[in-house]
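Asks: Numbers given in the numbering used here equal positions in the sequence shown, counted from 1, plus 47. Quick one: the structure is below, and I'll ask about it shortly.
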Amino acid sequence: MDTEEIIRLLNEAFVHEIEATMVYVRNSFIIPQCDPSRVTEAIAVDEMRHMNWLADLIVKRGGKPSMEHKELEFGGDDLRGQLEMQIAHETEAIEMYKRQIASIDDAEVVGVLKHILDEEKRHRKEFRARLERVGK
Ligand SMILES: [Fe+2]
Ligand SMILES: [Fe+2]
């Protein structure tokens with residue numbers, strides 16, 4: 048795989064992380080319940096760290112981080128919808144990182160992506176645990 052293609056994939060991931068960061072920051076302010084709000088805020092910070100790691104890999108390879116995110120979907124104004132949207136976002140990330148890890152042949156990149164993948168799996172678990180408690 049050539050460097051240009053690696054940069055393209057890293058930018059696909061970078062944009063996904065921008066979207067997660069912005070959706071979770073917004074939702075953490077909208078959610079009135081303390082625990083899911085705090086968890087969402089903490090995970091937003093993780094997603095911004097992922098942006099930083101990916102931007103570092105992109106710039107080191109001569110690329111520029113892309114800011115072309117799609118229109119954001121927040122999951123509406125109730126906690127259930129928001130948590131379902133956040134879980135869907137984590138699932139998308141997990142699938143994307145698995146695909147990228149299987150196809151990229153750059154050890155440094157794969158090492159970072161594996162670390163991020165582990166965190167996305169933990170995020171999904173955290174959101175699922177909060178979803179289970181909704182309405183109880
Ligand atoms: Fe992330
Ligand atoms: Fe995540």
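All C-beta atoms, glycine included, are put in the ideal place defined by N, C-alpha and C.
1. According to the Cβ coordinates, are Tyr144 and Leu126 closer than 7 Å?
2. Regarding Glu118 and ligand 1, is the C-beta to nearest heavy atom distance less than 6 Å?
3. Thinking Ala154 and Ala67 are a contact (beta carbons under 8 Å), I'd like their distance in whole angstroms, please.
4. In whole angstroms, what is the alpha-carbon distance linking Lys111 and Val70?
5. Consult DSSP for Glu118 and reduce its assignment to one of helix, strand or coil.
Replies: Taking the geometry as given:
1. Translated into positions along the sequence shown, residue 144 becomes position 97. Translated into positions along the sequence shown, residue 126 becomes position 79. Not closer than 7 Å, so no.
2. Stepping through the sequence shown from its first residue, residue 118 is reached at position 71. No.
3. The residue labelled residue 154 in the question sits at position 107 within the sequence shown. The residue labelled residue 67 in the question sits at position 20 within the sequence shown. About 25 Å separates the beta carbons of Ala154 and Ala67, which is beyond the 8 Å limit, so they are not a contact pair.
4. Residue 111 sits at position 64 when you count from the first residue of the sequence shown. Residue 70 sits at position 23 when you count from the first residue of the sequence shown. It is roughly 23 Å from the alpha-carbon of Lys111 to the alpha-carbon of Val70.
5. Residue numbering aside, residue 118 sits at position 71 when the sequence shown is read from its first letter. Coil at Glu118, not helix or strand.
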